[in-house]
Amino acid sequence: MRAATSSSEVKSGGIALSNLQKRYGSAVAVSDVSLSISPGEFISLLGPSGSGKTTTLMMIAGFEMPDSGQVLLDGNDITRLPAHRRELGVIFQNYALFPHMTVAENVAYPLRMRRMAKSDVESRLRRILDQVHLGALASRYPHQMSGGQQQRVAIARALVFDPPVLLLDEPLGALDKKLRQHLRNEIKTLHKEVGKTMIYVTHDQDEALAMSDRVAVMHEGRIRQVSAPQDIYRKPTDLFVAGFVGEVNLIPAKIASGKLRSLAGETLPAPQWRGADGSATLCVRPEHLHLFKGVAGASEGIQGCLAAVTFVGDATVYEFRSQSGLQLTSKVLNVSAEQKLDLGDLCVASWAPNDATVLTE
Ligand SMILES: Nc1ncnc2c1ncn2[C@@H]1O[C@H](COP(=O)(O)OP(=O)(O)O)[C@@H](O)[C@H]1O
Ligand SMILES: [Mg+2]
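First residue of the sequence shown? That's 6 in my numbering, and the numbers climb one at a time after it.
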């Protein structure tokens with residue numbers, strides 16, 4: 006392993022975390038976190054509040070020291086390097102602009118700290134402000150700007166010294182939903198333009214799925230799954246991930262001779278199973294669960310009746326109750342106004358075998 010980087014070396018922005026561990030007193034905040042992030046990748050750390058996302062990010066930034074484990078930047082061990090010598094761009098949860106400084110002064114601050122020549126400061130400042138569409142607002146103060154504009158100032162300030170990696174901790178947390186959606190597209194566009202590695206902390210599943218090349222789902226200080234967004238949603242490897250990302254029906258099942266059956270003994274559609282017999286949970290997304298009227302002739306699926314119907318605008322949500330008391334949800338896009346089922350109708354809940362995931366933990 007090479008020694009810590011010198012600041013003149015060109016960095017490509019690859020990050021490797023190896024067995025990171027952090028406790029506060031007796032409480033474990035981060036446990037055995039290992040993760041390899043490619044130069045230029047957009048990766049999200051996604052998890053509920055308290056799952057260790059910020060602590061992990063702060064150990065990458067150098068504001069927290071791990072109890073054990075390593076942080077590598079482009080193969081160099083930076084675990085014990087102080088934050089200001091890592092030269093990583095950081096955007097904190099509450100973006101902490103200096104209220105008494107203009108936009109230009111806020112953004113130029115990291116360059117002044119580095120004692121950059123005035124003419125260089127000017128040219129860099131102009132370039133980055135144009136990039137985030139703030140050129141016209143350079144002399145405003147933070148309180149004269151909208152939340153979205155302030156957030157862009159924070160991004161510009163983090164990018165102005167050209168760091169190889171940008172660390173973002175819930176940067177859209179304080180904004181309303183419409184603005185969040187708009188700004189996440191802007192951040193994504195900026196990511197394509199600047200090509201920096203971005204590590205993005207969020208508790209918002211939609212945000213993580215929409216923005217990321219890969220998503221690392223965290224729970225109780227550990228990474229439970231790291232995959233592309235489609236695989237996190239379609240192929241969860243873990244019950245926590247299945248339940249945390251999107252809506253899911255969890256159906257208790259028994260496996261015997263490779264066949265999955267409900268606890269009431271019904272045959273359940275499932276992908277081919279080559280593992281051992283035993284207990285399992287079948288995960289089926291509401292949009293994959295279909296309700297068929299009547300119970301005659303159904304060879305696979307769960308029998309029950311329609312318990313509730315809720316119109317939610319773009320879709321209708323059907324609540325199904327099985328004869329054994331299992332509650333399942335089916336979601337159907339309202340492409341037409343037709344509704345085929347009425348409350349109390351007997352029906353069979355079924356799905357395509359490959360739309361189900363079998364988990365046996
Ligand atoms: N400075 C601290 N002192 C004590 N406990 C902390 C500190 N920072 C974080 N924790 C605890 O560590 C756990 C992980 O926190 P954090 O990384 O902030 O989670 P997240 O960002 O996912 O919400 C939580 O249980 C939190 O209470
Ligand atoms: Mg946090």
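Where is the CB? At the ideal position from N, CA and C, for every residue including glycine. Here the structure is a predicted model, which means the values were calculated and not measured.
| message | Taking 7 Å as the limit between beta carbons, can you name the residues of its chain near Ala101, skipping five residues before and five after? | response | none
Taking Cβ to Cβ, would you say Lys143 is nearer than 8 Å to Thr107? Residue 143 is actually Ala in this sequence, not Lys. A contact, by the Cβ cut-off of 8 Å.
(message) Quick check on Gly201: buried or exposed, where buried means 16 or more other Cβ atoms within 10 Å of its Cβ?
(response) For the record, residue 201 in the displayed sequence is Lys; it is not Gly. That one is buried.
Notebook entry, point to check: In the DSSP assignment, what are the bridge partners of His224?
Noted result: Under the DSSP definition of a beta bridge, His224 partners with Arg227.
Rounded to a whole number of angstroms, what is the C-alpha to C-alpha distance between Ser217 and Ala141?
30 Å
(message) Closer than 7 Å to a non-hydrogen atom of ligand 2 - does that hold for the CB of Glu292?
(response) Incorrect: Glu292 has no Cβ contact closer than 7 Å to ligand 2.
From what residue to what residue does the beta strand (DSSP E) around Gln149 run?
Taken as a continuous stretch (DSSP letters only), Gln149 belongs to no beta strand (DSSP E), as it is neither H nor E.
Next on the checklist: DSSP three-state label for His105, please.
Outcome noted: Coil at His105, not helix or strand.
Determine the extent of the beta strand (DSSP E) in which Arg28 is found, giving its start and end residues.
Ile20 to Tyr29
What number of angstroms, rounded off, separates the C-alpha of Asp174 from the C-alpha of His148? Using only the alpha carbons, I get a separation of about 22 Å.
| message | Measuring only the C-alpha atoms, how far is Ala258 from Ser284? | response | 6 Å
>> Quick check: Leu255 and Thr286, are their CB atoms within less than 8 Å of each other?
In response: yes
>> Do Ile160 and Val137 have their beta-carbon atoms positioned less than 8 Å apart in this structure?
In response: yes
Check Pro358 in the structure and name its three-state DSSP category.
helix
Tell me whether Met133 sits in a helix, a strand or coil according to DSSP, three-state version.
First, the residue type needs correcting, since residue 133 is Ile and not Met in the sequence shown. Here Ile133 sits in helix by DSSP.
* Asked: Closest by CA to Met63, which one among Arg91, Ala113 and Glu46?
  -> Arg91
Does the separation of the CB atoms of Asn338 and Asp350 fall below 8 Å?
The identity of residue 338 in the sequence shown is Leu, whereas the question assumes Asn. No, Cβ-Cβ distance for Leu338 and Asp350 is not below 8 Å.
**Prompt:** For Ile192, which of helix, strand or coil comes out of DSSP?
**Reply:** helix
Quick one: what's Ala3 bridged to in DSSP?
The question about residue 3 has no answer here: the residues shown for the chain are numbered 6 through 366.
Contact criterion: CB-CB distance below 8 Å. Does Cys310 meet it with respect to chain B? Given the protein chain composition of this structure (a single chain), no chain B is represented.
Quiz item: Cβ atoms of Arg326 and Cys310: under 8 Å apart, would you say?
Solution: Going by C-beta atoms, Cys310 is nearer than 8 Å to Arg326.
Helix, strand or coil at Phe325 according to DSSP, with G and I counted as helix = strand
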